[in-house]
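Under UniProt numbering, the sequence shown has 39 at position 39, and the numbering climbs by one with no breaks. C-beta atoms are modelled at their ideal positions from N, C-alpha and C, and glycine is treated no differently. Here's the structure we're looking at; comments come further down.
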Amino acid sequence: MESVCLYEGKAKRIFKTGDPDVLRIAYKDDATAFNGEKMEVLEGKGRLNNEISSLIFERLQEAGLDSHFIERISETEQLVRPVEIVPLEVVVRNIAAGSLVKRLGVKRGYAFETPIVEFYYKDDELGDPLLNEAHIAALKLAEPEELKQMQEMALRVNEKLLHLFSESGVDLVDFKIEFGRREGKILLADEISPDTCRLWDQKTGDSFDKDLFRFSQGNLQDGYKMILQRLGGRKS
Ligand code: C5P
């Protein structure tokens with residue numbers, strides 16, 4: 001039976017399964033940056049992101065962080081619970097890089113004493129603008145209690161990932177996560193991979209993340225393979 005595609009995003013397709021409580025996500029090899037302005041097909045990227053994101057969600061679940069993730073079922077696919085996505089991108093920053101450097105003039109590489117949590121409106125047409133709590137309340141994007149929960153969960157994810165990556169000799173510079181609502185609960189959703197994190201080698205400062213593609217700094221797959229290896233995933 002042909003499965004029904006519910007949604008096609010820049011990097012993934014989401015399909016129905018026979019069970020209404022289970023969806024299948026298939027990762028694509030497409031790489032996009034700057035809101036879709038730069039686009040390329042990079043062979044093997046889907047497999048790498050699926051494997052890395054699955055491994056990270058497994059570690060987070062072991063640490064008691066609830067997510068939509070059920071299991072990885074193939075090189076490029078995983079099963080997840082359906083959620084209603086909260087239209088916010090939650091960014092946590094440990095080290096200054098990317099848009100924060102441009103916006104605030106802080107030197108790239110400056111390590112913050114405490115992590116910074118930011119919220120962006122998930123809206124491609126508006127270019128995902130930065131929001132504060134008043135904007136989120138005014139636009140009714142999330143309840144104040146939900147926002148508090150997302151902020152707390154984001155910081156817990158950060159603690160766990162900082163530890164996981166630093167054990168592998170990698171600095172977690174910043175990352176973006178998304179949340180969904182399911183049965184009255186807020187769950188971590190979407191993916192966590194080098195597409196959504198900045199990851200720097202602690203010794204050399206080299207990037208192992210999507211900046212390789214964004215700024216044509218090197219081979220994206222080589223960087224992602226390095227992350228998978230360092231997290232204890234497959235070697236090839
Ligand atoms: O671009 P910026 O510096 O705000 O990105 C912060 C972090 O969020 C980076 O790790 C980036 O990869 C991630 N991000 C993302 N998707 C977006 C915007 C940012 O994964 N739409």
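Own chain partners of residue i with C-beta closer than 6 Å, once the 5 adjacent residues on each side are dropped
i, result
"A142", "V86, I136"
"Y7", "I14"
"V4", "K16"
Reduced DSSP category for residue i - H, G, I as helix; E, B as strand; rest coil
i, result
"M1", "Its pLDDT being 48, under 50, M1 is placed unreliably in this model, and the coordinates cannot settle the point."
"G64", "coil"
"S99", "helix"
"F69", "strand"
"L6", "strand"
"L42", "coil"
"K210", "coil"
"E118", "strand"
"K28", "coil"
"V83", "coil"
"V157", "helix"
"A142", "coil"
"A189", "strand"
"N35", "coil"
"Q78", "strand"
"G223", "helix"
"F215", "coil"
"N94", "strand"
"A137", "helix"
"K16", "strand"
"K176", "strand"
CB contact below 8 Å: residue i versus chain B
i, result
"V83", "The chain inventory of the structure shown lacks chain B, comprising one protein chain alone."
Residue i versus the options, residue with shortest Cα-Cα distance
i, options, result
"G109", "V117, F119, N94", "N94"
"Q78", "K12, V173, G180, S99", "K12"
"L48", "G36, H68, Y27", "Y27"
"P115", "A33, V83, D128, Q151", "Q151"
"G36", "K225, F175, L228, D128", "D128"
"D29", "E71, K102, L212, Q221", "Q221"
"D174", "A97, D124, K102, A33", "A97"
"A31", "T204, R156, L212, K225", "L212"
"R72", "L100, V41, L55, K140", "L55"
"E75", "D195, I25, L188", "I25"
"K45", "S216, R156, P194, W200", "P194"
"M39", "L104, I227, F215", "F215"
"D21", "L126, F34, H68", "H68"
Neighbourhood of residue i by C-beta, 8 Å cutoff - its chain only, sequence neighbours within 5 removed
i, result
"Q202", "S166, G169, V170, D171"
"M1", "Low confidence applies to M1: its pLDDT is 48, below 50, so where it sits in the model is not reliable enough to give any reading."
"Q84", "Residue 84 is actually Glu in this sequence, not Gln. G180, R181, R182."
"L23", "L6, I14, F15, K16, T17, L79, V80, R81, P82"
"F112", "R93, N94, I95, A96"
"P144", "E133, A137"
Cβ separation of residue i and residue j, assumed to be a contact under 8 Å, to the nearest whole Å
i, j, result
"V198", "D209", "Looking at the sequence itself, residue 198 is Arg, so the reference to Val does not match. Yes, they are in contact, since the Cβ atoms of R198 and D209 sit about 5 Å apart, within 8 Å."
"S53", "I192", "6 Å"
"R59", "L164", "6 Å"
"G233", "E51", "6 Å"
"L65", "L188", "6 Å"
7 Å Cβ shell around residue i - same chain, five flanking residues per side excluded
i, result
"A154", "V90, V92, V117, I177"
"F119", "L88, V90, L131, I136"
"K122", "P87, L88, E89, D128"
"M226", "F208"
"L147", "E133, I136"
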